[in-house]
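Which chain is which? The protein sequence lines are A and B, in order.
In this text, residue positions in the first sequence follow this note's numbering: the first is 266, and each later residue adds one.
In this text, residue positions in the second sequence follow this note's numbering: the first is 11, and each later residue adds one.
Each residue gets a CB set at the ideal place from its N, CA and C atoms; glycine is no exception.
Below is one structure, written out as structure tokens, with a few remarks after it.
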Amino acid sequence: MSGAVLPARQAMTLRQMLHRITFVDVALWTLRIVVLVVVIGGTIGTLIKSRYGSAQWVDFIVFGVTIGAIYAQVALGYTMVYGVLRLINFAHGDIMMTGAFAGYFVATSYDRSGFLAANPFTAIMITMVVSVVISTSIALIVERIAYRPFRHVRGFAPLISAIGASFFLEQTFRGLFGSSVKSYPDLHWASPTLNVLGYNIPKMDILVICAAVLSMAVLYAIVNHTKMGTAIRAVSEDKEAAALMGIDVNKVVIFTFTLGGAMAGIAGVLYAFVFKQVYFFMGFTPGVKAFGAAVLGGIGNVPGAMVGGICLGLFESVGPSLFFDGIGIPAPYQLRDLIAFTLLIMVLIFRPNGLFGERLAKERA
Amino acid sequence: MSATDPAIATVLHDSEVAAPESVFRHTAIAGVLAGVGGIYLAAIGLLLLLHERPIIVDVLSLGHATLIFTGIGAGIAAARGNEALGPRLLRGLMAGVIGGAVLSLLPLLMSAVSLRYMFISLSPQLLQMLTFDSDTVTQGCLILIAAGAVTGLIGAVMTLTPAAIRRHLMVASGTVIVAGVLQQLIQIMLQTSELLTQLNEVLYSWDGLMLQGAVIIFVVAFALSVGYSALTARRAANAAAQTPAARKRAQLINGLIIVAILVVLPLVAGIYVGQVMMLVGLYILMGMGLNLEVGLAGLLDLGFVAFFAVGAYVTALLTADNPHALAAMSFWTAMPIAVLCSIMVGVMFGIPVLGVRGDYLAVATLGLGEIVRVIVLSDFAAPLLGGAQGLLQVPRPVFFGIPLSGPVQLFYLTLVCSMVAAYCAWRLENSRLGRAWMALRDDEDVAQALGVNLVRVKLLAYGLGAAFAGLAGSIFSTMLGSVYPSSFQLVISINVLALIIVGGMGSLPGVVVGAAALVGLPELLREFGEYRYLFYGAALILMMRIRPEGLWPSATRRRELHADDDLLVSPAE
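Structure representation (structure tokens):
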């Protein structure tokens, strides 16, 4: 809380230091310690009990990386938009949902015609392309209707409009396609596992990780090595100065939403392939978590979002068994979201600049 | 309408300068938007649902009325400007034709290919509705385009009529729509006395408003509207000469009249209306609580539902007749305890997020709310809180030997609680604390520099806001007679947020207006319940764009937003 740096810190006596501690500090330290105790105590307990073998831990880790790679893709959309507009793109999770829906209709029709089984690679590529086109166009429409009018408005208005956009998208899709949960077609060739170093890893996970990493590499290259990418970074750094240098801020914003929408589209299809189902509310929770990942990696920081996403995925996948099993909590997998949200809140409270925030701040200074 | 929106301002400006091709483009955009809007409503299934609700039996459905208003809207948008009569009428006509043509693409497409595999709402009934039950689709499309032309023209004519007459027309047609759509409730009310029953037979047939009834209501409402505006004009002239004491007395009398109406209405209108009013009352309670946090203190809290849940769960645990219960108290002892627990949880919520600001605070509170939900749902907390099965058999309160069993009695309980809470909220708003909250909302650093104790003031905002929600939750649990975790989804938080934004942030009457509009209206139009959240989403965006101060803004907010307008005149690119 007390962010002010005291010049005479060394000269402070113990009594003065004690006097400066407020009950808020005490509460925050208690929170830290409780979380630490749960994490460490749970880990020790679980390891002593040794209920899980190494194969299971590898399973958890691989799944964590898989889901983390998807979170990372969604987090990229948050981080870039925040960098450019200083706005939480609340509807981003729902844009991922639109991608998943678009992919669903393409993939099921291919599944019915047998094209998905006969020629899986082409079928998945086409599915992704369609979903990217849909999610990107929806991202751009949302930007035009719900975000652009508030570009110069301070206060709550932009965020509230974004929340409204999120609900509007969800309910629109519910109206269009119904509220039932639709199941994605099975990729039969991807169900068997692959033997890597003695561990069985599902082919699906490898596929998802590869696709996610590949798309993020492309995005990274675009952001770092093209003119438009440089413009995005310039606008994130200082909007006014960038505009003075002749950068068309409007174009940059549109390009940012295009990139974010495309990433969300791919992530939507991958997420749906992993969890095998789509419904209108599916984007909300991963969206909030991915925002947490973006903050964890330092918001506005593209590689940070990727790292943050993977971290979050790992925590969420390994965490329940590692932390909660040891302290004897029944059905720990139910508390998966608890770990993700706790991580989100801890980051927002204790490290709002993210893991790499300070390094970046120093670089900019 | 709005000077805050630069996009609209430029469009208006363009049409006044009137280069011919830009005028045409503007007209085309208005038409296409109207058509796309129609297609959207049809595709999400709302249009057909609206069509099933008649306004005038066999003449006009709510669905067709919606299309008509869309056409009129396109006409108005296209015909704006200040040149001669002819071109403006022509533009309105053109926009209508374009809108109708765009909309008629949908029936053409639907008759050519079946899209129901994807879009579940594109049913044969919708096709029938869009083509006005005509034999061929082509004929139906021609009718659509013609209807578009007529409505566009009407819209253009409306821009030419004086504003006062336009307002009376709108009031009159609005009254007809309300009288037609809520016919069931109104017929029940009209059957209470001999004279009213005769009136009922003139206006309504068994299944809805008749054409002659619609005409009568339209004429009467128009006349009343004209009379009322004449009266208010005279009263406004008098008001200037009135002493403050007299004005205060007039306000008090108005307030008493409203309370009397609220007391009598559920008795007259039946149990269903009582139930709706009770729900609105609960949302008003929650709205007043969130209003303290968001509207006054500027702390955007998306985890507000957690406090509501605490109130409900504590009441259930203390009073319920089930194995999870901790005690068998009466409702009246449990309620204050529930409120106290909510305050405690509110403060506990507030402490970790004290240092989090702005948008991050919204996400952090959202996360806290979700954590509460996850824990309540989990097996971990199930031995205490009943898990997904919830807590059953919460008894109804007994008031001096009278069991408050029906929704109407519970409504009176809610009414009394809301009035007490409203008094508290009103006093808080004008207190030292209230002013500290507003200082905090406007600028945290400045507030601190002025000597506002941020920690105390923020925690009080969370705690007191939570108290209102806890009270609402407490009543909610005894109303339902059981408590389930599924009643405490995030949507409740969004719901409450939406109602204070629509009503006007920081404004107590705004909370009432917002709750009536966002909770009462969808409850009265039950079959649209599914689309309620769509409506909320749209309302949030539209309110922020068109009327950020809300429907009934507080005086301060209105002043602030107008000050902002002056600043925005020179765009700060």
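Whole-Å CB distance - residue i paired with residue j, under 8 Å assumed
{"i": "S564/B", "j": "G520/B", "result": "7 Å"}
{"i": "L309/B", "j": "L371/B", "result": "6 Å"}
{"i": "A570/A", "j": "A337/A", "result": "6 Å"}
{"i": "G557/A", "j": "H357/A", "result": "About 13 Å separates the two Cβ atoms, so there is no contact after all."}
{"i": "A231/B", "j": "V181/B", "result": "6 Å"}
{"i": "I335/A", "j": "Y536/A", "result": "5 Å"}
{"i": "A435/B", "j": "E303/B", "result": "Between E303/B and A435/B the Cβ distance is about 12 Å, and since that is not below 8 Å, they are no contact."}
Coarse secondary structure for residue i, derived from DSSP in three states
{"i": "F409/B", "result": "strand"}
{"i": "G218/B", "result": "strand"}
{"i": "K541/A", "result": "coil"}
{"i": "P64/B", "result": "strand"}
{"i": "L500/B", "result": "helix"}
{"i": "L70/B", "result": "strand"}
{"i": "L352/A", "result": "coil"}
{"i": "S235/B", "result": "helix"}
{"i": "I610/A", "result": "helix"}
{"i": "V493/B", "result": "strand"}
{"i": "N465/A", "result": "strand"}
{"i": "S183/B", "result": "helix"}
{"i": "S441/B", "result": "coil"}
is_contact[residue i, chain B] using C-beta, thresh 8 Å
{"i": "V270/A", "result": "Low local confidence applies: a pLDDT of 47 at V270/A is under 50, so the model's placement there is unreliable, and no value is given."}
{"i": "F415/A", "result": "yes"}
{"i": "Q436/A", "result": "yes"}
{"i": "G443/A", "result": "yes"}
{"i": "V395/A", "result": "no"}
{"i": "L279/A", "result": "no"}
{"i": "A430/A", "result": "yes"}
{"i": "S448/A", "result": "no"}
{"i": "F621/A", "result": "no"}
{"i": "M266/A", "result": "In this predicted model, M266/A has a pLDDT of only 42, less than 50, meaning its place in the structure is not dependable; the value taken from the coordinates is given anyway. Yes, M266/A counts as interfacial toward chain B."}
C-beta neighbour in chain A for residue i, strict 8 Å
{"i": "M554/B", "result": "yes"}
{"i": "P362/B", "result": "yes"}
{"i": "A337/B", "result": "no"}
{"i": "G661/B", "result": "A query on residue 661/B cannot be resolved here, the shown segment of chain B reaching from 11 to 583 and no further."}
{"i": "S71/B", "result": "no"}
{"i": "G55/B", "result": "yes"}
{"i": "P588/B", "result": "Summary: the structure shown does not reach residue 588/B, with chain B confined to residues 11 through 583, and so no result is reported for it."}
{"i": "G291/B", "result": "no"}
{"i": "V283/B", "result": "no"}
{"i": "D369/B", "result": "yes"}
{"i": "E380/B", "result": "yes"}
{"i": "Y541/B", "result": "yes"}
{"i": "G400/B", "result": "no"}
{"i": "S388/B", "result": "yes"}
{"i": "G377/B", "result": "yes"}
{"i": "L544/B", "result": "yes"}
{"i": "G365/B", "result": "yes"}
{"i": "I385/B", "result": "yes"}
{"i": "I164/B", "result": "no"}
{"i": "P333/B", "result": "no"}
Proximity test, residue i beta-carbon vs the ligand FMN heavy atom, cut-off 7 Å
{"i": "I164/B", "result": "Ligands in the displayed structure: none, and consequently the ligand FMN is not present."}
Contact list for the region 282–299 of chain A against chain B, Cβ threshold 8 Å: T287, V289, A292, L293 and L296
Short-range partners of chain B found in the region 521–535 of chain A, where Cβ spacing is below 8 Å: none
Interface residues of the region 123–149 of chain B facing chain A [CB-CB below 7 Å]: M128, F129, I130 and S131
Residues of the region 562–590 of chain A with Cβ closer than 7 Å to any Cβ of chain B, in chain order: none
Interfacial residues, the region 591–617 of chain A to chain B, with Cβ spacing under 7 Å: I594, P595, A596, Q599, L600, D602, L603, F606, T607, L609, I610, L613, I614 and P617
contact_flag[the region 508–518 of chain A, the region 324–342 of chain A] where n(CB pairs < 8 Å) is 3 or more: no
Contact the region 132–143 of chain B vs the region 203–213 of chain B: 3+ CB pairs below 8 Å: no
Cβ contact check for the region 347–355 of chain A and the region 485–492 of chain A: 3 or more pairs under 8 Å: no
Stretch pair the region 339–356 of chain B + the region 498–517 of chain B: three plus CB contacts closer than 8 Å: no
Selection of the region 507–531 of chain B by Cβ proximity to chain A, strictly under 7 Å: I511
Three CB pairs or more closer than 8 Å across the region 354–369 of chain B and the region 600–608 of chain A: no
Where the region 306–318 of chain B meets chain A: residues whose CB sits under 7 Å from a CB there: L310
Under 8 Å (Cβ pairs) to chain B, residues found in the region 339–354 of chain A: L352 and I353
Three-pair Cβ contact test at 8 Å for the region 468–488 of chain B versus the region 421–437 of chain B: yes
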